[in-house]
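Single-structure report; data block below.
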Amino acid sequence: MNGEPEIVKNFILKTLRLQSWEKKIDRFQLGEGVMPASFKVLHDPVTHNETLMADFGESAIGRVAPVDSGFWWIFLLRAYTKSTGDTSLAEKPECQKGMRLILSLCLSEGFDTFPTLLCADGCCMVDRRMGVYGYPIEIQALFFMALRCALLLLKQDEEGNEFVERITKRLHALSFHMRSYYWIDLKQLNDIYRYKTEEYSHTAVNKFNVIPDSLPEWIFDFMPVRGGYFIGNVSPARMDFRWFCLGNCIAILSSLATPEQSTAIMDLIESRWEELVGEMPLKVIYPAIESHEWRIVTGCDPKNTRWSYHNGGSWPVLLWLLTAACIKTGRPQIARRAIELAETRLIKDNWPEYYDGKLGRFVGKQARKFQTWSIAGYLVAKMMLEDPSHLGTVALEEDKQMKPPIRRSNSWTF
């Protein structure tokens, strides 16, 4: 976006080389395709050489390997290719192999009956115990985006064609599953509220045997007449109705969300501005969990107290995702309003990592200052709003072959 593609190219190649490192936690070997969650640059004061030290989860809180980093790498490779028009990087044998290794991990067959990816808590941006184990929306949306990007990047050779076929099948199953079972609006909420339980056979309506009494009280007030979103998680007898900003924005950018669903997500953000944006964009998760539920879900995590950090904290880095989603849905005024709101505080507060409080009024109690991704998120949002043609770098158009299921209703429209 700033005319410096060599920096991005170098980052893609450097992180790809880290993928080939031996990945072992205690005595267990991780999958070959796992990408690092992060890396450090170690400087030798004697030789003045610099080396990279990758972390594949062995140094992370809870020792959880990252699931999202490989998807982000494929996304970045496609963004570089789209922005520069340079296909030679993606066509390099090492980049093709890196993609195939990542895809092999997530397309492998197992015991799952769903096309979604089963994940542990702490495997993504929400990297501490926050009840996102199972099939979190953030991972599923990134998975969908990475699969679609890979279709555009894989070479049409024998190895590439094999993956193209597997990806195409998975995309059709994944889009149907997500649009059918993760989507919620007022009508769908009412349907779940009236669900019968203990249904057997393929004729069951309540396929996951969700108990209506498990619906949280806040959802009935939170759900507007117009609007909807992809809920946080769906698994047997469990639906996590929390709003996850990153997952819903990626759903729009990847076209996992249909045009009608994308509009409904924007309607929800406008209708629930105080809850989801408040005084500092944007809530990473809404609402916060507290009291007994907080103790059970987080294990009494002192960093994820209510309305702090990942538990309802506000993260400026999410601005770029919101802005891109707003432009894609033809609602740039929402992004402009959010950016103007952030500008009143970010510079004055020295670019903190996150904000605390129900409205995001306070600088996070453990927030690092001059945080790179807070600055980058703002800059990308600002540049994208000034020149919407950048949207094509991070967004994909709808695939007409993946038709949404007819039986599910979308948000009300007039």
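By the count of our numbering, the sequence shown reaches residue 481 at its end, each step adding exactly one.
Quick reminder that beta carbons are idealized off the backbone N, C-alpha and C, glycines included.
Helix, strand or coil at residue i [DSSP, three-state]
i, result
"N116", "coil"
"H239", "helix"
"W340", "helix"
"F275", "coil"
"S281", "helix"
"D295", "Here residue 295 turns out to be Gly, not Asp, going by the sequence shown. Correct three-state label for G295: strand."
"N417", "coil"
"Q468", "coil"
"F95", "strand"
"V231", "helix"
"N477", "Because the pLDDT of N477 is 44, which lies under 50, any placement of that residue in the model is unreliable, and the number read from its coordinates should be weighed accordingly. Three-state result, N477: coil."
"R305", "strand"
"D188", "coil"
Extent of the continuous beta strand (DSSP E) run through residue i
i, result
"Y202", "No beta strand (DSSP E) holds Y202; DSSP gives it neither H nor E."
"W440", "From DSSP, W440 is part of no beta strand (DSSP E) but of the alpha helix (DSSP H) over 439-453."
"V301", "300-302"
"D252", "250-252"
Sub-8 angstroms separation of residue i and residue j beta-carbons
i, j, result
"Y445", "A434", "no"
"P133", "A104", "yes"
"L349", "L386", "yes"
"T396", "M333", "yes"
"E337", "I401", "yes"
"C216", "R167", "no"
"I169", "G124", "no"
"R309", "G299", "yes"
"S321", "M192", "no"
"P303", "N276", "yes"
"D307", "L209", "no"
"I79", "Y147", "yes"
Exposure of residue i, with buried meaning 16 or more beta-carbon neighbours within 10 Å
i, result
"M347", "buried"
"G70", "exposed"
"W285", "exposed"
"Y65", "Residue 65 is absent from the model: the chain starts at 68 and stops at 481."
"R474", "Because R474 carries a pLDDT of 46, less than 50, the predicted location of this residue cannot be relied on, and no value is offered for it."
"R195", "buried"
"F95", "exposed"
"C312", "buried"
"H269", "exposed"
"K90", "buried"
"L388", "buried"
"P383", "buried"
"N477", "The pLDDT assigned to N477 is 44, lower than 50, so where the model puts this residue is not dependable, and the model offers no usable value."
"R261", "exposed"
"I363", "exposed"
Enclosing alpha helix (DSSP H) for residue i [first to last residue]
i, result
"F289", "285-289"
"R84", "72-86"
"D224", "D224 -> no alpha helix (DSSP H), and no H or E assigned at all."
"G424", "Segment: none, G424 is in no alpha helix (DSSP H) and carries neither H nor E."
"T460", "458-461"
"L313", "312-320"
Closer than 7 angstroms: residue i CB and nearest the ligand FMN heavy atom
i, result
"E229", "This structure lacks the ligand FMN, and indeed carries no ligand of any kind."
What residue ranges within the stretch 102-186 form continuous beta strand (DSSP E) runs of no fewer than 3 residues, ordered along the chain? 105-110, 117-122
Identify every run of the beta strand (DSSP E) within the stretch 354-401, keeping only runs that are complete inside it and at least 3 residues long; order them along the chain. none
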